[in-house]
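Protein chains in written order, with the numbering used here: chain S, 1 to 206; chain B, 207 to 283. Glycine is no exception: its CB is placed at the ideal position from the N, C-alpha and C atoms. See below for the structure under consideration.
Structural data, given as structure tokens:
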């Protein structure tokens, strides 16, 4: 007989066998697969599927650490983020040089107003954002160093609180806030550079 | 009194609610007379909305099938 756990998972249940435990994990993880895959694609692009595979293996080994079903999304996300980070290190990319003085002074709002890519538009800034499809956003994210991309995605795209993200990344809150600040500045700068270099604004010019 | 540059640097933190009271007051005072920085705030809000609603990538059927197969095989004896 299959025993299905209900929250809280630490409730005493009859006959918690290894097979019951594994089956419970499978049920819980299966529900999260679409979300985990989408997040992994944002964090490591083409390696997203492999990162989710890594995450499933690690999560099963640590399943006993999960305290409640409600905590499962954040718990799985935390494991996935670390798997993505390991893959980032394994790729052994050259550290990306970033001139933060230049980035700090950059304002996408002013850049769009100054360059005026849509001269006949009444809603210049919204039109700029409208040119970016989901694939374009992924491309822009891929241009950010992992260090800044991860908190940006977790907070502003996945909706996690900064405190939760600090816990996931095992970093002080102040460090996460500083990386978020730089991450979103870099994102704005890369949005503009991407739009310029890929001809996004020319195609969208109307 | 803070400058536009100082206000703009802290706008997202202001919207996140992670600035302290004195920083918040200084930014709000600046926004009360600076139309350009009000535009910056509105755009920052739009950009945040854009990120939050950016379409998640749907999991392709073949990827879902492979990951489900991995789950089935995990520790199955």
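About 6 Å separates the beta carbon of residue 144(S) from that of residue 187(S), a gap short enough to meet the 8 Å contact definition. Taking C-alpha positions only, residue 120(S) is separated from residue 136(S) by approximately 24 Å. Per the coordinates, the alpha-carbon of residue 54(S) lies some 49 Å from the alpha-carbon of residue 236(B). Contact annotation for residue 30(S) against chain B: 274, 277 [CB-CB distance below 8 Å, chain order]. In chain order, 33, 37, 48, 49, 52 make up the part of chain S whose C-beta sits under 9 Å from the C-beta of residue 269(B).
Neighbourhood of residue 209(B) in chain S, by CB distance below 9 Å: empty, with the nearest CB roughly 12 Å away.
Between the alpha carbons of residue 117(S) and residue 249(B) lies a gap of roughly 16 Å. When the Cα atoms are used, residue 142(S) and residue 45(S) turn out to be separated by approximately 7 Å.
Here residue 277(B) is actually not in contact with residue 42(S); their C-beta atoms are around 22 Å apart, not less than 8 Å. With a threshold of 16 other beta carbon atoms within 10 Å, residue 64(S) falls short and is exposed.
Taking C-beta separations shorter than 7 Å and ignoring five residues to either side along the sequence, the partners of residue 157(S) in its chain run 42, following chain order. Residues of chain S whose Cβ lies closer than 8 Å to the Cβ of residue 280(B) are, in chain order, 22, 25, 26, 56, 57, 60. Close CB contacts of residue 48(S) within its chain, under the 7 Å cut and outside five residues either way in sequence, are with 37, 40, 41 (chain order). In its chain, beyond the 5 residues on either side, 117, 195 have a beta carbon closer than 6 Å to the beta carbon of residue 201(S). At a cut-off of 7 Å, the C-beta of residue 212(B) has no neighbouring C-beta in chain S.
With respect to residue 148(S), residue 110(S) sits apart: the two C-beta atoms are not nearer than 7 Å. Straight through space, the alpha carbons of residue 72(S) and residue 59(S) are spaced by roughly 10 Å. Distance check between residue 166(S) and each of 57(S), 28(S), 81(S) places 81(S) closest, using alpha-carbon atoms only.
Using a Cβ-Cβ distance cut-off of 8 Å, the region 211 to 224 of chain B and the region 239 to 254 of chain B are in contact, since at least three pairs of beta carbons, one from each stretch, lie closer than that value.
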